[in-house]
Structure formats: structure tokens, C-alpha cells
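Some notes on the structure that comes next.
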Amino acid sequence: MAEDSGSSGFAHLTRGALPIILLAAVVQGWTLYALHMSIERNVWPATEPGVLAALYAMTVFVPLTVQMLVQHVRRRVTWMFVAALAAFYLLIGWHYGEWVLDESRDAPDGWFAPAAIVAIQWLLIMPFLQARLIEGRWRSRYELLFSSAWTNKLVLGEAAVFTGFFWLLLFLWAQLFGMLGIEFFEDLFQEPVFVYPVTSIVFGVALKLIGSLERLTTVVLEQTLSVLKWLALLAGLILALFTVALVFKLPGLVASGEKAIAAVWLLWLIAGTVLLVNAAYRDGSLDEPYPRLIGIALRFAIPLTVVSALVAAYALWLRVDQYGFTVSRFWGWVVAVAALLYSVGYALAARHNHRWMRSIAGVNVVVALYLIGVLTLALTPVLSPYRIAANSQFAMALEAPDGSSEASLPYTYTHMSYLRFDSGRYGRNRVEELSRIENHPRAEELRREAKAALAREQRWSPPQYDSSIFAGIVVQPPGRTLDPQLLELLTSNQSNLGPLVDPSTTAGVFVDLNDDQAEEFVLLANGSAVVYRFESGTWRYVSHMTNDGYEAAQTIVSRVRQGDVRTEPSVWKDLLIGNLRYRMPPGAP
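The numbering of the sequence shown is the numbering used here, which starts it at 638 and goes up by one.
Below you can see the structure in the form of C-alpha cells.
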């Protein structure tokens, strides 16, 4: 049975709402505390990342869903919605824990990003659920969807502010008694057994207090939107001026094929314009939110968002085509498609002379449903951005032409590094696949780089290769080889060699640099020169040599192969590779 109400789903709380809100808060608080203790003591479920992430997702969002739907808790369909969401959060939490978190339970992109994605998806779903419970049908009035969406955000924001002020008062309490030498309260307020349950309960109480003040919430919302709508004029002016400048630059950008414009700023421009236009339109109750001339000017500016949306999509396409998909580029495309839907939909709405804003209601619903669908699938294995990024970076690593080593890139920005540390288990499985690859023109190089990537324990630690990396390097004088002890030293001291060792960009020279009748060995890798000395029956590292110019690593190796190697007198002789001079630093032993 539908409820006859035109207000949002959180207003008109029933008399028994407070006990249910408090019960949900208590369950949430104590469960969060239990999960915290399991991590601190390293016991189950903390030992199972999938279970841990699943419980966190359910603990955060399911009690909050119950609190936001509290006026409908006596209806069977409400609990069906809650059960469906609980199952969904268990699934996405398990997927994230098992397939994204690394071995140390750290998220590749931190915990904030995935939590924000889940929160956005939850905020998009809630107005549709609330409207369905109020009107008894899925095709609800736009006015109700609008009211529910904005009221939810306002109520949650005010509850968060209330909880923040509560903790500020507790901090003041602790400081006042601390001045008297009483540290009990400061210690108590820092204990997890106090922090989690009390914070959850205070937040729940704030939801009850704010949700019961429907008139105040409506007034705050009305005031906020009435002020924001006037910023749409500035956004329209920026949009118009920028589009004119962009049109003149666009032919050159397309011809050059370069990513000359950051798509993120174009998308922010569109997002800001959409937000401010909706602040004026609201729920469609105002026929003329602006004076006539201002409304006409804004109407003609809105179609210009199509240009920015298309250019943003073009810039993203260039980036993906050149470097492949990453998780952030996946989300960039999700936002870009939403921007295209908004801009095209609003441009079509602007064709109408009278009350053109009324047509944007349907556009808003379509984009919301698109985002709900994409975010829901992206949180599961079906459309996981980590899986897509891993497959893309794997393909980029395979498609690189012969001899195109990533040695010129910092080791933290290579395809192999991204697969190892930034795309979860999907990427690590791909690295393991590359470590066993056969029947590929670069099979040996790929296997070597993949094994080195798997051996790295931290993303900022340089890759370490086995001694075979040095086996095929060019060495002068001809016929000389690296003895096992030197090979062992080079293998264990790879941090001296730069970001990545590649035989095609590495060479070695045996030369007497200080006229002591004993040869030193100079390893040339990535444009650097590292000196090793054999004394007292063992090889040891001496120093790096500086140079006074630049040549490509492949050119240096080619000159060594040709024997274009000589020295010049000094305390330590300079080493010349072609026209490039390497010099020992002052004070070198």
C-alpha cells in the first residue's frame, strides 16, 4: 500500500523510529569496534581480506539504509530492499577484498576512492527506493525523486556536522580536565571501545533530530538552491568564453593528436554547470526561475556543453590509446559518458522556447539510472575497473615493439609496475602469466621484467633481476667476460643502476682509470656509469661517474661495441664514450 505523501522518504518519522535508529546505530558501532579489534590483533576476519571488506561494506551501509528508511520499517518490501542491499554489499566487499587488496590489506588507490564510489552508488539508489515505498511504483514523480535526493544529502551532511561538533565538545571536555591533571577523560575518549559505539549512536540521534524537523530542512534546502542558482550565470559565461577559445584551438589539437587539454577540467566545468542549472530548475515547480532575458541567455549557453563533453572524451580517448586503461581512466570514461548524456540531453531540451527546463527532468533520471547501472556493475567482477585496467596494461606490455624497453620510464610508471601494484589480483595474475610467457618476440625480456616485478615487495622499491640480465651485455675489450664474483656484486647492487636494467641499454668496460696497473670495471646503464674495483681478492663498488652531456643509452652501447672507448689523464682518468665524457667525482677513493 502506497503512502500518500509528497515529501521525501525521511520526513514524518513514526513514533517508534528512535528505538529502531538507535538499535541500528548500536549494531553498527559495536560491529565496527569488533572489526577494528580483529585487525589490531590480526585474527579472523582480518586474516581474510574478502570477508573483512565484505563485513565493513555491510556494516557501514546496511544500518544506515535502515535508518534512512525507518518510517517504512513495518512494511515487508522495506526489508526485502534491505536484504538485497546487504547481499550486494557482501558481494562487492568480498570481490574488493579478494581481487583488489594487496597482500598487506592495502588498497592500490587507498580506501577513500572505493568507499566514495560505493557511497555515490548508495546515494543514487536511495531516492528511487524511498519514492517506490512512498508512491508504490517505480515510475515516481520527479518532484519526489528530487526532494528525496537533496534531502538525503542535506540530512546526512547536517548529521555529520552535528557529530563533528559533539566530538569537539568532548575534546574540550578532555582538555579542561587535563589542565587539572585528570587524564581519565582524554584516555577514555581515545579508546576504540568508546569511539565506535558512541559515534554511531550520536550520528543516529542526529538523523532522528534532523529528520523530524522537515520544515527546517525544507527551508535550508530552499535557501541553498536559491543562492546557488545565480552562480549558473557565471558558469554560463565561463562556458561561452571557453567554448569560443576552444573552437579556434580545436583544429590544431585534432591535427597534432596530442592530449593538450586535461579532460578533468572540462568535466568539472560540465558538472558545475549541470549542478547549478538544477539548482534553478529544482523539482520543476518554478515556471520561470530567472528573469526572461537571463533565462534566454542561459538557454543558449547550455548547448555549448556538448563541445566540452566531446573534447573531454577525445582527450581521454587519446590517453587510453597511447597508454592503455587504468582504474582512474576507467572512471574518467564513466564521467565522460555521463557528461555527454547530460550535455546532449540539455542541448535538446534547450530547443523548446517555453519552459525549456522542464525537459531536463527526464535527462536527470536517465543519467541517474545510467550511473546506478555502471557503478553497480563496476563494483562487481562484471565491469571491474581493476580487471579492465589489468587486461589493458597486459595488452600494452605485449604489443610494445622489439627493443622498446621501458627503461626510459621511472620503474613505478611501467606497465609491469601497474600490473604488479595498481590493479589488484587481476594484475598480479597477469604478471605471473608474463613470467611464463613463450612464443613471443620479446618473451625473454617480458619474463625477466615480470619476474623482477613479482620479486618487488614495495611499489617504490626498484626491480631486482637475476644475474642473467648481465650475461649478454656488450663488454670491452673484446673477449672479456664478467667473472662470477663480479656478476654477483652487480646483481646484488642493482639499486646503483637506475630504474630498469635492459641488456640493450647496458654495457661494460674494463679500463685502468687511475694508473695503478689494475683494471676497474665501469658498468654503463641508463646513461649512468658505475665504477667497481678489484682489490684484495674481491670486487667492490667505488663510485658513480658524472658526465657533461647526454646521449641515448642505445647510442652509448653502440659506441662501446665499436670500441670507441678511451681515457684522458687526471687523478682519475676521464672515460670517453664517443664524445660523452664520464668523470669521477672529487674526492673519490
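Positions of the beta carbon are idealized from the N, C-alpha and C atoms, including for glycine. Quick caveat, the model's predicted, so the values are computed rather than measured.
Judged by beta-carbon spacing, methionine 994 lies beyond the 8 Å limit of tyrosine 1063, meaning their Cβ atoms are not closer than that value. In this structure proline 928 is exposed. Its beta-carbon is surrounded by fewer than 16 other beta-carbon atoms within 10 angstroms. In the same chain as valine 1202, and ignoring 5 residues on each side of it, the C-beta atoms closer than 8 Å to its own belong to Gln1113, Val1146, Val1148, Arg1196, Leu1212, Leu1213 and Ile1214, in chain order. Asparagine 1184 is bridged by DSSP to Tyr1219. Exclusion of the five residues before and after glutamine 1131 leaves Pro1099, Gln1101, Tyr1102 and Val1138 as the residues of its chain whose Cβ lies within less than 7 Å of its Cβ. In the three-state scheme derived from DSSP, where H, G and I count as helix and E and B as strand, valine 884 is classed as helix. Judged by their CB atoms, alanine 976 and leucine 904 are nearer to each other than the 8 Å cut-off. In the DSSP annotation of this structure, the continuous segment of the beta strand (DSSP E) that includes threonine 1143 starts and ends at 1143 to 1148. Residue pairing of arginine 1203 in beta bridges, as defined by DSSP: Leu1213.
If the five residues before and after alanine 720 are omitted, its C-beta is found closer than 8 Å to no C-beta atom of its own chain. About 18 Å separates the Cβ atoms of serine 996 and alanine 946, ruling out a contact at the 8 Å cut-off. Valine 1159 has Val1146 and Val1168 as its beta-bridge partners, per DSSP. Per DSSP, the beta bridge partners of valine 1112 are Gly1145. Contact between the segment 929 to 946 and the segment 964 to 971 is absent: fewer than 3 CB-CB pairs across the two stretches fall below 8 Å.
Leucine 770 and leucine 791 have their alpha carbons spaced roughly 20 Å apart. Contact check for leucine 913 against alanine 869 passes: the beta carbons are separated by less than 8 Å. With respect to the C-alpha of threonine 1017, the residue from Glu685, Leu660 and Ala691 having the closest C-alpha is Ala691.
Methionine 816 sits exposed, since fewer than 16 C-beta atoms from the chains shown fall within 10 Å of its C-beta. When the beta-carbon positions are compared, leucine 1071 and arginine 1079 stay at least 8 Å from each other.
Our two residues, arginine 1065 and arginine 1073, have alpha carbons roughly 13 Å apart in a direct line. Look at threonine 684 here: in three-state DSSP terms it is coil, with no helix or strand label.
Scanning Lys866, Leu825 and Val948 for the CA closest to the CA of proline 888 turns up Val948. Annotated as distal: serine 1054 and alanine 1027, with beta-carbon spacing of 8 Å or more. Taken through DSSP and simplified to helix, strand or coil, arginine 776 comes out as coil. According to the DSSP secondary-structure assignment, threonine 1175 is paired through a beta bridge with Glu1172. By the neighbour-count definition (other C-beta atoms within 10 Å, threshold 16), glutamate 795 is a buried residue. Listed in chain order, the alpha helix (DSSP H) elements of length 4 or more contained wholly in the segment 773 to 844 are 779 to 816 and 821 to 826.
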